[in-house]
Structure formats: structure tokens, C-alpha cells
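**Q** The numbering of the sequence shown is the working numbering, which starts it at 4 and goes up by one.
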Amino acid sequence: MASAPPTEILCQIFHLVRRDALDHDEAHMSWASLACVSKHWRNALYGDPSMWTNLFFRPHTPLLTIAVVLRRSGLLQGLQVTVDAGHGVRQDGWFRTLFRNLHYAQLPISESVTSLRIRWHVTVRAEAFDVVEALRADHVQALQLEEYAEPLSEARSLSWSEDVWGSDTDVDEEDEEDEDEEDEDEKRTEANGWDCGESDSPPDSASETSDESEVDSEDSVSQFAEDYADATQPGDTFVVDEDPESPRILKLPRLHSLEALDTSGILVDIPQQVKEKLVLLNLSSTVSYYEDFVLAGHPQSWLLDTLEGCTHLQRLSLDYTLPIEDDHPAFRPIVLPRLEYLFIEDRLEYMEELVPFFLHPFPTVEFRAVLGPGQVLYQAQSGIFSSNFPSGMGESITALDLRVDGQFTVKGWPGEDADHLEARQSSTGTFDTTGWTAIDRAALLPSAVEKLSRIVDSARIVHLSIHISPVRQYQDSCVYWQPHVIQAFPSIRRFALGSRWAVKAFIRDACKEAEPLARWTDLNELNFCLGEVSESVVQFIEPFWERVRLSKPDSRLVLRLHPDAERMACPDRLQSLKLLAQSPDSRKRLELVTDCCETCGTSEPFDDAVFCIDPRKLTLAPSY
């Protein structure tokens, strides 16, 4: 008989099974039934804290399962709990029931939870706010709160005073199905993981027996019954807390250990005691409250109020936040003395209004400024950034990476792997570019490069790479900007270019000069991303390599080929390049590298445009 695998290997197998095979059934915690296989499996499962400290509950998770799992997991430190409270007339009762027991006095869960994520549907906003505001979890260090709603098309079809799930008959039928499912779940839970034969004591990390857990869970379930007494019943009408005269702000409780707060879709009022300890703060998707504030006549200074007093904040992310109006930066600047990283994603006009509130000099910064479809062509031809955008933010940038595929991208960073600037045009969207001329399309990249002089010092750029997707509609673009690249960036030491037709166009223009690339006096590496090896490319590479004079010792030309190039290419063409690479020249060498470039090897559609910047990662990036 084969010996049992070591406990360490068995635990790794358990993790893989839970992640890959049972992920769809995570809400039922069916992975716990692995403890029923044998005593060895049971001890291994119960003795692995990581299996019991990362819990995810959904609305259809049986309450018996929740009670038992929390009882066991509550003995462990570093507990991470995610709760997804979906939408529906019955979910607010489930939501309240769960969270009353999360901080119930007899459960040590409140002392063990260090990471808590709560996600709820907009239809249970009032219930969720009440639960969060009453939460007592003094050991929580990271808290994530997210409110979500239906897609716009579905939300428009709903009347908030109507039953969310349709007619009473529909709800009753669905309720009966849910009750049947819960009965099966409870039977399954009792049979699955909570008493698997002999009541051998598990390891010290989770010392209570499964029998004790069942007794504890029964006590907990008896308390759950009281919570259901006033829970929402099937057929009840549900009105969302959406009074435009008083937009509700969630009052965060005093969580004494909280260091990281991530909120989405809600406005939050953070106590000063909590602000002083926050190190990381993410605020996103609050722009939907804009009309409520306007109708109620509230001053739109919520963001300034929230950030005021965050004296230890090191990382701040603002993603589609409520705009600031009726305040002037000169009177109320944002002072965050320890801030190391700032990320902002919003519509360009809102971002330009927000940025001046931050005192300079900037920390590590990433911006994603989103343009509306109607602004794309205008912005491309007239400049990415308006005159209001702070100048000199990217003076430390020494490297640029420009990519044109389904997304238009410009990146820049002050070192080999460090912070960078990025501009991007999204391939997603509904903006129709079929009427654009070749000149219109070609204007995007050169215009962006030209306007980058507002942000970067072109004389400091020493690494430059340009990758363009091998799509016919992009091919004319290089004609308009390649002749000016050398003049615009005089200090280049490393230059990379793709795809093969862009390489051919560049070589053709460079060879028109008596000494190609002579103006790049510090150049020591050329890097051409070719993909496939065509006959025309070989015909261009050979004479160019003979004529080019690189000034530095050990200078090189790197040809990046597709990993399958040797199989796809004509043997004679590839052999020609190999022979060229073997030519003895002490001042320059040619190298062949196989690499699959995600830009030069793709052919994405050219569509809607989005821009953003980032002097750590100056990012003009796509909307999601």
C-alpha cells in the first residue's frame, strides 16, 4: 500500500483543489469535506491556517456553514473575510444576519480579522450602511467597501419602488427554490466537513473538535433565528435610499488598527483618529453622486474634507471621484506631507481641475485622463494636455516607450525599470473612426510626441522605443514622424523599433543621409523588432548594417524575431542574417533574439481614444 503524501504536499494539493476544481462552489465551503477522507487528510486540512483564514461568503452560503467556519477560523490570526451581498429582496436579511455574528461577543472573529472586504448591491445600501457603521472590528488593518449596481441598461428599466425580482408570484417561487437549496446545503454541510467520524483533536492551530464546532454552530444558528424575525420577506417592496435632497455619506466607525481603506461607489466620512493612521487610501466611483449634491445644493468639497488630516498617508488613488467645485486651490490646498504615490484616473477636464489642489513638488504620480469620443481627434491635433496641466512634471524622465496598436501608448520612466510616463488610446469603445483619413490617423502619434515636450526634457531621453502594430491603417503614420525622431531626441543611446514595415521605412529614411544616424553620437544599441523574416527586410538590413557607424565600443544591432521564425522563414533568408551576425567587426555586432512582441505581433482595430500621464508612470491609459 502506497504511503500517504507528506502534510506539506497534501496542503498544497488542497489549495489547488480549492482554487481550481472547487472555485465555483466556494460559497458552500465544499473543500472542507476533504477532511472526511481520512484522519491524515483531516489533520492536514485543519492544521493549515491559510485554508481557514481566507474566507469568501456569498448570499447562498448556508448560515450553518458560516457559523462553523467562523468558529474555527476565529481562533487564527490574520483572518481575511470577503462578503458578497448580492441584490434581491431577501439579501438584506442575510447580510444583517451575517454581520451581526461577525462581531458577536462570543465569537473571537473580531480579534482575528485583519482584512475585511464587504461588497453589496445598491438595493441594500441602507442595510449595508447600518451594518458597516455599527461594525466593531478593532483589529482590522485593511478594509474594502464596494457598492455596485446593474449595468445602465438594466438600471434604467427598474423603478426603485417596485419589487426588485418582479411579481410576488415570481418571488415566492424563487424563495421556495432558495429554501429547498438551503435545506440541501444544510444537509450537505452536516454530512460534509463538520463531523467526519472519530473526533480526534486537530493540531493546536485549530484545537476545537468538529463536534464542538457543531455544538457552537447550533448555538449560533439559534441566534440567527432572532435576526430573521424582522428580515425582508418575499414580496415586500424595497425602496433604495436615494433621496436626492440628502445624499447619504457612510460614517466609518473608529477602527483603531485600520491602515488601508479602499472604497468604491460610496461617499465615506472618516474619523480623524482613523485618518491619522491611514497609510493607503483608494477612493473610486463616487462621481455618480454628482447630481445628488447639485440638487441638494451641497458644496462639492467632499474630497477635500476626506483628505484633510491624512498626515501619514503614503499612497493615494482617486478613480472617478466626485468633482471639486466652488473651492479655489489657493485657499484650500491638499497637504499630504508623507505621500509617496499618487494615482488619478478621471475625465481630462476633471483631472485638470483636481491636480492644482495638490502642493508641488509631486510625489510618484500616475494619471489616467480619459477623453470623451468627441474629443479624440481634436485632442490629437491640438495637443493632449491643456495649458492648465502642470508643466515640468516629467523632467526626470530618461526613457520613452511609444506603442501604436489597438491602444495608442506613450510611456516614460527615469530609469531602466522604474517609474514611467504612459499615454494610451483605448481599443474599446463605440467611437467610429471609419471616416478618418490617413492623415487624421497619422496625426495621433506625432502630435502626442510633439506635445510630450511639455512634460519631458527631450534632451534627457537616452532610451527610446517605438512599436507599431503591423496593420495597414498604421503604415502611413511613420512617414510623418520618423524623419523628426533623431532631431527631437539628440541624446539617444538605445533605440528600439518595430514592426518590420516600420523598420524598413526608418532604414530607408536613414540611408538617405551620407552617414546614417550620425546625429546620434552616443548611440550604442539598435533594436529592431521584425517578427517574421521576409526577403525585403533582409534586403534592407544588410546594406544598412554595412553603412551604419556606431560610435561606442561593443555597439550592437539586435534583431528580434518571432519564436517560430526559424520554422516559418525561408532558410536562405535566415541564413543570410546568421552570416551577417558572424561578420568580424570589433566596433559593432549583430545579435538575433527570439521574442514575441505583444504589439508588433498583433493587429488590433483602431478605435476610441483615451489619454493619461504618469511621472512615475505618467499614464494616459484606457477606460475600463
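Note that beta-carbon positions come from the ideal geometry of N, C-alpha and C, so glycine has one too.
Fair warning: this is a prediction, and the values are worked out from it, not measured in the lab.
1. I'd like to know whether the C-beta atoms of residue 281 and residue 253 end up nearer to each other than 8 Å.
2. Scan the region 311 to 347 and note each continuous alpha helix (DSSP H) run of 4 residues or more that stays entirely inside, going in chain order.
3. Taking 8 Å as the threshold (beta carbon to beta carbon), is residue 593 in contact with chain B?
4. For residue 558 and residue 471, I'd like the C-alpha separation in whole angstroms.
5. Does DSSP classify residue 499 as helix, strand or coil?
6. Could you tell me whether the Cβ atoms of residue 277 and residue 257 are closer together than 8 Å?
7. Short check: CB of residue 492 to CB of residue 510, under 8 Å?
8. Have a look at 496, 264, 86 and 358 and flag the residue whose alpha-carbon is nearest the alpha-carbon of residue 528.
9. On the DSSP letters alone, give me the boundaries of the alpha helix (DSSP H) that residue 49 sits inside.
10. Return yes when the Cβ of residue 500 is within less than 8 Å of the Cβ of residue 544, no when it is not.
11. Can you give me the C-alpha to C-alpha distance between residue 304 and residue 261, rounded to a whole angstrom?
12. Would you list the residues sitting across from residue 561 in a DSSP beta bridge?
13. Measure the C-alpha to C-alpha separation of residue 66 and residue 322 and round it to an integer number of angstroms.
14. Would you decide whether residue 519 is buried or exposed? Buried here means 16 or more other CB atoms lie within 10 Å of its CB.
15. Who pairs with residue 263 in a beta bridge, going by DSSP?
16. If you check the beta carbons only, do residue 306 and residue 325 fall under 8 Å apart?
17. Can you find the residues in the same chain that come closer than 8 Å, C-beta to C-beta, to residue 514, ignoring five residues on each side of it along the sequence?
18. On a Cα-Cα basis, can you pick out the residue from 348, 340, 521 and 466 that is closest to residue 402?
19. Measure the alpha-carbon distance for residue 338 versus residue 147 and round it to whole angstroms.
20. Would you call residue 11 buried or exposed, if buried means 16 or more other Cβ atoms sit within 10 Å of its Cβ?
21. Just to confirm the assignment, what range does the alpha helix (DSSP H) spanning residue 12 have?
22. Rounded to whole angstroms, what is the Cα-Cα separation between residue 60 and residue 86?
23. Using a threshold of 8 Å, state whether the C-beta atoms of residue 44 and residue 38 are closer than that.
24. Could you check what DSSP says for residue 254 in three-state terms: helix, strand or coil?
25. Closest to residue 533 by C-alpha separation, out of 562, 133 and 122, would be which residue?
26. Can you tell me whether residue 7 is helix, strand or coil according to DSSP?
27. Bridge partners for residue 361 per DSSP, in chain order?
28. Tell me the residue span of the alpha helix (DSSP H) that contains residue 53.
29. Helix, strand or coil, according to DSSP, for residue 117 in the structure here?
30. Taking just the CA atoms, how far does residue 122 sit from residue 312?
31. When you compare only the Cα positions, how much space is there between residue 359 and residue 267?
32. I'd like to check one pair, residue 145 with residue 117: are the Cβ atoms closer than 8 Å?
33. Looking at residue 315 and residue 279, is the spacing between their C-beta atoms short of 8 Å?
34. Note down the Cα distance separating residue 600 from residue 506, rounded to an integer number of angstroms.
**A** Reading from the atomic positions:
1. On the sequence shown, position 278 is the one that residue 281 refers to. On the sequence shown, position 250 is the one that residue 253 refers to. Taking 8 Å as the Cβ cut-off, residue 281 and residue 253 do not qualify as a contacting pair.
2. none
3. Judged by its chain identifiers, the structure shown contains no chain B, having just a single protein chain.
4. Position 555 of the sequence shown, counted from the start, is the residue given in the question as residue 558. Position 468 of the sequence shown, counted from the start, is the residue given in the question as residue 471. Roughly 25 Å separates the two Cα atoms.
5. The sequence position of residue 499 within the sequence shown is 496, counting from 1. Residue 499 falls in the strand class under three-state DSSP.
6. Translated into positions along the sequence shown, residue 277 becomes position 274. Translated into positions along the sequence shown, residue 257 becomes position 254. Going by C-beta atoms, residue 277 is nearer than 8 Å to residue 257.
7. Here residue 492 corresponds to residue number 489 of the sequence shown, with the count starting at 1. Here residue 510 corresponds to residue number 507 of the sequence shown, with the count starting at 1. Not a contact, by the Cβ cut-off of 8 Å.
8. Indexing the sequence shown from 1 puts residue 528 at position 525. Comparing Cα-Cα distances from residue 528 to each of 496, 264, 86 and 358, the minimum goes to 496.
9. Locating residue 49 in the sequence shown gives position 46, counting from the first residue. Unbroken alpha helix (DSSP H) run through residue 49: 42 to 49.
10. Here residue 544 is taken as the residue at index 541 of the sequence shown, counted from 1. Here residue 500 is taken as the residue at index 497 of the sequence shown, counted from 1. It is not a contact, given that the beta carbons lie outside the stated cut-off.
11. Working through the sequence shown from its first residue, we reach residue 304 at position 301. Working through the sequence shown from its first residue, we reach residue 261 at position 258. Those two C-alpha atoms are separated by around 24 Å.
12. Start at 1 with the first residue of the sequence shown, and residue 561 comes out as number 558. 530 and 594.
13. Reading the sequence shown from its first residue, position 63 is the one you call residue 66. Reading the sequence shown from its first residue, position 319 is the one you call residue 322. Roughly 35 Å separates the two Cα atoms.
14. Counting from one through the sequence shown, the residue named residue 519 turns up at place 516. Flag for residue 519 reads buried.
15. Position 260 of the sequence shown holds residue 263. Beta-bridge pairing links residue 263 to 145 and 283.
16. In the sequence shown, counting from the first residue as 1, residue 306 sits at position 303. In the sequence shown, counting from the first residue as 1, residue 325 sits at position 322. In this structure, residue 325 lies closer than 8 Å to residue 306 by Cβ.
17. Your numbering for residue 514 matches position 511 in the sequence shown. Cβ neighbours of residue 514 beyond the five flanking positions: 546, 547 and 550.
18. Here residue 402 refers to the residue found at position 399 of the sequence shown. Among 348, 340, 521 and 466, the Cα nearest to that of residue 402 is on 466.
19. Position 335 of the sequence shown, counting from 1, holds the residue named residue 338. Position 144 of the sequence shown, counting from 1, holds the residue named residue 147. So the two alpha carbons sit approximately 24 Å from each other.
20. Locating residue 11 in the sequence shown gives position 8, where the first residue counts as 1. Counting Cβ neighbours within 10 Å, residue 11 comes out exposed, since fewer than 16 surround it.
21. To locate residue 12, count along the sequence shown from 1; it is residue 9. Counting along the chain, the alpha helix (DSSP H) containing residue 12 begins and ends at 10 to 19.
22. By 1-based counting over the sequence shown, the position of residue 60 is 57. By 1-based counting over the sequence shown, the position of residue 86 is 83. If you take the alpha carbons of residue 60 and residue 86, they lie about 5 Å apart.
23. As a working note, residue 44 is residue 41 in the sequence shown. As a working note, residue 38 is residue 35 in the sequence shown. Contact: yes.
24. Numbered from its first residue, the sequence shown carries residue 254 at position 251. Strand.
25. For the purposes of this step, residue 533 is taken as the residue at position 530 of the sequence shown. Here the closest residue by C-alpha is 562.
26. Locating residue 7 in the sequence shown gives position 4, counting from the first residue. In this structure, residue 7 counts as coil in the three-state DSSP scheme.
27. Counted from its first residue, the sequence shown places residue 361 at position 358. Looking at the DSSP assignment, residue 361 forms a beta bridge with 337.
28. Locating residue 53 in the sequence shown gives position 50, counting from the first residue. 52 to 55 is the extent of the alpha helix (DSSP H) around residue 53.
29. Within the sequence shown, residue 117 is the residue found at index 114, counting from 1. Reduced to three states, the DSSP call for residue 117 is strand.
30. One-based indexing of the sequence shown puts residue 312 at position 309. One-based indexing of the sequence shown puts residue 122 at position 119. Those two C-alpha atoms are separated by around 27 Å.
31. Here residue 359 corresponds to residue number 356 of the sequence shown, with the count starting at 1. Here residue 267 corresponds to residue number 264 of the sequence shown, with the count starting at 1. Cα to Cα, residue 359 sits roughly 24 Å from residue 267.
32. Here residue 117 refers to the residue found at position 114 of the sequence shown. Here residue 145 refers to the residue found at position 142 of the sequence shown. Yes, Cβ-Cβ distance for residue 117 and residue 145 is below 8 Å.
33. As a position in the sequence shown, residue 279 is number 276, starting the count at 1. As a position in the sequence shown, residue 315 is number 312, starting the count at 1. Cβ distance < 8 Å, so residue 279 and residue 315 count as in contact.
34. Walking along the sequence shown from the start, residue 600 turns up at place 597. Walking along the sequence shown from the start, residue 506 turns up at place 503. Those two C-alpha atoms are separated by around 14 Å.
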